[in-house]
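K.L.:
Per this note's numbering, residue 118 is the first one in the sequence shown, and the count goes up by one each step. Cβ atoms here follow ideal geometry from the backbone N, Cα and C, with glycine treated the same way. Below you'll find the structure I mean.
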Amino acid sequence: MRPWILVLLAACSAPETVQLAVDGEAPAWPDALLPPPPDFHLSAGNLVAGSPGALQVDGAPAGAVVKIVYGTGGLGTGACPPELDGDCYGVVGSTGTLPFQATVPASGSVTFSVPFPASLANRYVGLQVVVTGPGSVQSNAIGRRLLPPGTPVPANADSDGDGFSINDGDCDDYDPTVSPVAPDASGNQHDENCDDLDGVDGDGDGYASVSSGGRDCDDNAPGFHPGAVEICDGLDQDCDGAPDNGAACAQQHESFVVSGVRTDVLFVIDDSCSMSEEQRAIAAAAASFSDPLAIPRYDVHVGVVTTDTNDPLRSGALVDDGTQRWIGLAQHTPAQARAFLGVAMVPGVNGHYLEMGFDAAVAALTPPLTTTTNAGFLRPSADLQVVVLSDEEEQSVRSAPDFVAALQALKAPPYEVEVHAITGGASGCSSTASGFADPELKYSEAAALTGGVRQSICDLSYDVAMGLVRQRIIDRGPQRVFALTASPDVATLQMDLRLSSGTSYHVPSAYWSYDAANNTVTLARVPPAGAIVTLSWSM
């Protein structure tokens with residue numbers, strides 16, 4: 118049988134280069150850069166062979182003509198249709214054009230209803246979105262198994278019992294080995310964890326590592342991947358096997374992919390018998406923390422663990438709200454986040470009387486739990502915030518410096534670790550509503566060592582504490598300080614910025630400043646996450 122692949126094509130003009138006007142003092146950041154335009158993106162839920170399948174395209178250029186080419190095959194490197202004139206990373210197999218096309222409206226969104234043949238039941242289909250033109254831009258590639266004819270596809274059901282429905286991001290709700298937290302097997306052309314990739318993307322740049330079947334030649338550096346900007350430094354940024362090819366080597370270049378806000382937040386909740394009021398209070402304050410962060414700009418994972426390390430079912434295991442053990446705020450609505458935290462932050466008061474928050478947190482963030490019960494929560498390329506709520510002293514044998522060192526070992530720079538303590542503090546405290554909180558030193562010391570927030574547990578309104586933790590995440594923000602590895606000729610130093618849409622901007626010096634002491638360039642305003650900043654100067 119002939120293999121099939123699905124590719125969506127949009128005919129549009131070449132990326133535009135815009136000179137930003139400067140009039141007097143530093144002008145406002147252009148509207149074109151805030152917020153960033155949405156990525157050209159393809160999505161699909163479960164697809165059933167023998168029935169029309171809905172394919173959603175978002176962020177497409179208004180007025181572009183979107184065409185469909187498809188066939189079976191998985192994720193990987195495959196042949197391109199003639200329109201693309203080259204290999205298409207993301208799909209496998211040969212292609213053929215179908216009589217489906219549409220002109221993109223002003224909204225940038227198009228939904229196609231594609232009838233997949235019944236004969237393709239249980240076949241794996243590769244799908245991709247591509248904007249054609251000079252230097253064709255390829256977006257996400259996804260893979261879907263075509264379910265047998267007649268299979269129901271309710272969006273809010275968990276048909277395979279893995280804890281995730283289609284609405285929760287399960288890209289195959291009839292296969293329990295496929296879900297947003299499943300391990301992704303390497304090089305099998307399948308996407309088990311529903312991240313639009315076959316394999317592991319350790320640096321979050323949208324490309325799987327070579328070791329897992331992809332083409333990212335350095336999966337620890339988001340600036341190295343197929344299609345990256347090649348600069349003259351002896352390295353191979355675009356992973357084509359040839360360092361510095363195509364770069365204008367009469368000039369020195371250094372490029373940076375602007376990192377977004379990626380933060381993993383672990384709440385450590387004391388579940389001993391004296392904590393009922395405090396648990397209810399932090400659950401009531403959850404909305405003040407999660408609501409402002411439930412947008413794509415803030416890619417925040419939130420999980421909850423208790424201080425009980427005596428119960429083997431609780432020791433380090435993230436609290437289950439009945440459907441999931443952690444939540445990605447950007448992937449859920451604020452109401453869904455509030456519902457999860459409202460349950461997870463009230464784990465009950467039957468926990469062991471020896472509160473060992475340090476041990477519980479470390480267990481939650483290290484193997485074996487990170488590869489089993491807590492899989493998917495901790496990301497190497499994300500900041501880590503640990504928030505402790507307890508009315509007792511920490512009672513494990515770990516010291517605060519040892520605890521902080523254990524957390525910092527999980528994150529390589531530039532990713533940061535902070536510990537926040539909502540406790541009785543060094544003197545203890547009392548409240549007519551909650552009674553007494555014992556003095557504690559270890560949680561507060563860990564917070565002091567990491568520059569974290571320290572607030573009184575006796576306040577019994579934790580909106581302020583939760584707001585301070587939330588602000589730490591926001592303040593980190595998308596990157597706007599860039600450290601150069603070589604000393605530039607400041608007189609000829611220039612900056613260019615390329616958005617994920619393909620539009621390039623020359624950024625006048627009114628928008629940035631150079632710090633010779635630290636050899637860094639700082640943008641006056643935050644650029645969109647995912648943009649490429651290139652600094653160049655004459656040699």
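Using the C-alpha atoms, what's the distance from Val650 back to Ala128?
P.N.:
Note that Ala128 scores 36 on pLDDT, short of 50, meaning its location in the model is unreliable and no value can be drawn from it.
K.L.:
Which residues does DSSP pair with Glu371 in a beta bridge?
P.N.:
Glu371 is bridged to Leu652.
K.L.:
Would you list the residues sitting across from Val165 in a DSSP beta bridge?
P.N.:
Note: Val165 sits in a beta bridge opposite Leu264.
K.L.:
Considering only residues of the same chain and omitting the five flanking positions on each side of Ser561, which have a CB-CB separation below 7 Å?
P.N.:
Closer than 7 Å at Cβ, skipping near neighbours: Ala538, Thr540, Gly542, Ala543 and Arg571.
K.L.:
Report the partner residues of Phe229 according to the DSSP bridge assignment.
P.N.:
BP columns for Phe229 point to Leu172.
K.L.:
In angstroms, rounded to a whole number, what distance separates the CA positions of Thr424 and Gly465?
P.N.:
Taking the straight line joining both Cα atoms gives about 11 Å.
K.L.:
Please decide whether Ala603 counts as near chain C, where near means a Cβ-Cβ distance under 8 Å.
P.N.:
Absent from the structure is chain C; it holds one protein chain and no more.
K.L.:
Check the C-beta distance from Leu446 over to Ala454 and give it rounded, since I have them as a contact under 8 Å.
P.N.:
With 8 Å as the limit, Leu446 and Ala454 qualify as a contact, their Cβ atoms being about 5 Å apart.
K.L.:
Output the distance between the C-alpha atoms of Tyr415 and Ser236, rounded to the nearest integer angstrom.
P.N.:
For Tyr415 and Ser236, the distance between alpha carbons rounds to 42 Å.
K.L.:
When you compare only the Cα positions, how much space is there between Ala499 and Leu527?
P.N.:
Using only the alpha carbons, I get a separation of about 10 Å.
K.L.:
Looking only at C-alpha atoms, which of Val327, Val227, Phe233 and Val385 sits nearest to Asp92?
P.N.:
The shown model of the chain, from 118 to 656, leaves out residue 92, and the question about it has no answer.
K.L.:
From Gly278 to Ala633, what does the alpha carbon distance come to, in whole angstroms?
P.N.:
Taking the straight line from one Cα to the other gives about 57 Å.
K.L.:
Under the assumption that Ile590 contacts Thr380 (Cβ atoms under 8 Å), give the Cβ distance between them as a whole number of angstroms.
P.N.:
5 Å between Cβ atoms; contact.
K.L.:
Taking Cβ positions, are Val419 and Val382 nearer each other than 8 Å?
P.N.:
Their beta carbons are under 8 Å apart, which means Val419 touches Val382 by this criterion.
K.L.:
Tell me which same chain residues have a C-beta within less than 7 Å of the C-beta of Ala564, skipping the five on either side of it?
P.N.:
If we look at Ala564 and ignore the five residues flanking it on each side, its Cβ neighbours are Val536, His537, Ala538, Val570 and Arg571.
K.L.:
Is His370 closer than 8 Å to Ser630 when the C-beta atoms are compared?
P.N.:
Not closer than 8 Å, so no.
K.L.:
Does DSSP put Val638 in a helix, in a strand, or in coil?
P.N.:
Note: Val638 maps to strand in three-state DSSP.
K.L.:
Compute the beta-carbon to beta-carbon distance between Ser282 and Asp290, rounded to the nearest angstrom, for a pair I have assumed lies under 8 Å.
P.N.:
Correct: roughly 6 Å between the Cβ atoms.
K.L.:
Using 8 Å as the threshold, is the stretch 576-591 in touch with the stretch 599-609, meaning 3 or more CB pairs across them?
P.N.:
Because the criterion of three Cβ pairs below 8 Å is not met, the stretch 576-591 and the stretch 599-609 do not touch.
K.L.:
When the Cα atoms are used, what is the spatial distance from Gln396 to Gly474?
P.N.:
Distance between the alpha carbons of Gln396 and Gly474 is about 15 Å.
K.L.:
Are the CB atoms of Ala302 and Leu314 nearer to each other than 8 Å?
P.N.:
Cβ atoms of Ala302 and Leu314: not closer than 8 Å.
K.L.:
Quick one, which of Glu510, Phe384 and Arg262 has its alpha-carbon nearest Trp471's?
P.N.:
First, the residue type needs correcting, since residue 471 is Leu and not Trp in the sequence shown. When only C-alpha atoms are compared, the closest one is Glu510.
K.L.:
Measure the alpha-carbon distance for Ala177 versus Val298 and round it to whole angstroms.
P.N.:
Computed Cα separation, rounded: 29 Å.
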